[in-house]
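Residue numbers (our numbering): 55 to 266.
Even for Gly, the Cβ is constructed at its ideal location relative to N, Cα and C.
All of these numbers come straight from a predicted model, not from anything done at the bench.
These notes are about the structure you will find just below.
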Amino acid sequence: MDPLQIEERPVGSLTPYDRNSRTHSDKQIQQIAASIKTFGFTNPILIDAAGIIIAGHGRLRAAQMLGMETVPTISLTHLTEQQARALVIADNKLAELAGWDEDMLKLELQSITAMSEEMDLDFDLSVIGFDDGELERMLLTGTDGATDDDAIPSDVEKRCEAGDLWKLGKHFLLCGDATSAEDVGCLLAGEKPQLCVTDPPYGVNYDPAWRN
55 MDPLQIEERP VGSLTPYDRN SRTHSDKQIQ QIAASIKTFG FTNPILIDAA GIIIAGHGRL
115 RAAQMLGMET VPTISLTHLT EQQARALVIA DNKLAELAGW DEDMLKLELQ SITAMSEEMD
175 LDFDLSVIGF DDGELERMLL TGTDGATDDD AIPSDVEKRC EAGDLWKLGK HFLLCGDATS
235 AEDVGCLLAG EKPQLCVTDP PYGVNYDPAW RN
């Protein structure tokens, strides 16, 4: 395979792949455009021999938003049609499988912010892609302050343990495990329940978004 070459091509000569399954919101396109304005067009658009985009649909839209006449491209002429179509998906999906080292990320963002302050530069961290809430959380540094009134004391005395049963008027409260037949039997003491409020299944992440 010959070395890949970067070539500037007119924006109008590129064709989006009509079966591209990746979507881009207007907000994301604006973020990509802001990134290009700040850092330059650092990631060339990948195309096939006919100029159909394999990777970089969002970057093309951002370039159009910025009024760019040409963009850097790399023509992947060595790929078969099957490989090119698969890469359209893989280029997006494989990136999703990466994670973040949260501690290292926070350290780096704090260092970038400190450099801006030292050099008196007005660097907008929003071009990185995190929203304001995420940036605020990661840029917070630990400081001594007043004790939270709701904080649990570290030396709190234990008042109950597994197996303790309380009688509250006509009701009973057990410190136990709802998945344990023995604990349930201890609480019911032979009585047949009329109502059971549960939250199954156990051991599965709960996503409250289903309510929406």
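If you ignore the 5 residues before and after Leu241, its C-beta comes within less than 8 Å of the C-beta of Leu219, Phe226, Leu228, Gly230, all in its own chain and listed in chain order. Distance between Lys91 and Leu130, taken at the CA atoms: about 26 Å. Contact between the segment 207–216 and the segment 183–190 is absent, with fewer than three C-beta pairs closer than 8 Å. Following the DSSP letters along the chain, one finds Ala109 inside the beta strand (DSSP E) bounded by residues 107–109.
For Ser129, the pairing in a beta bridge is given by DSSP as Ile101.
In the DSSP assignment, Ile60 forms a beta bridge with Ile128.
Bounds of any alpha helix (DSSP H) do not take in Phe226; it lies within the beta strand (DSSP E) bounded by 225–228.
For Lys221, there is no enclosing alpha helix (DSSP H); the enclosing beta strand (DSSP E) has its first and last residue at 219–222. Taken through DSSP and simplified to helix, strand or coil, Thr134 comes out as coil.
Counting along the chain, Asp209 sits inside no alpha helix (DSSP H), nor does DSSP assign it H or E at all.
In this structure, Met122 places its C-beta atom within 9 Å of the C-beta atom of Val65. Going by DSSP, Met192 is part of the alpha helix (DSSP H) stretching over 186–193. According to the DSSP assignment, Val181 belongs to no alpha helix (DSSP H), since it is labelled neither H nor E.
For Met158, the enclosing alpha helix (DSSP H) stretches over residues 156–172.
In the three-state scheme derived from DSSP, where H, G and I count as helix and E and B as strand, Thr92 is classed as helix. Here the segment 77–95 does not lie against the segment 56–63, with fewer than 3 beta-carbon pairs under 8 Å apart.
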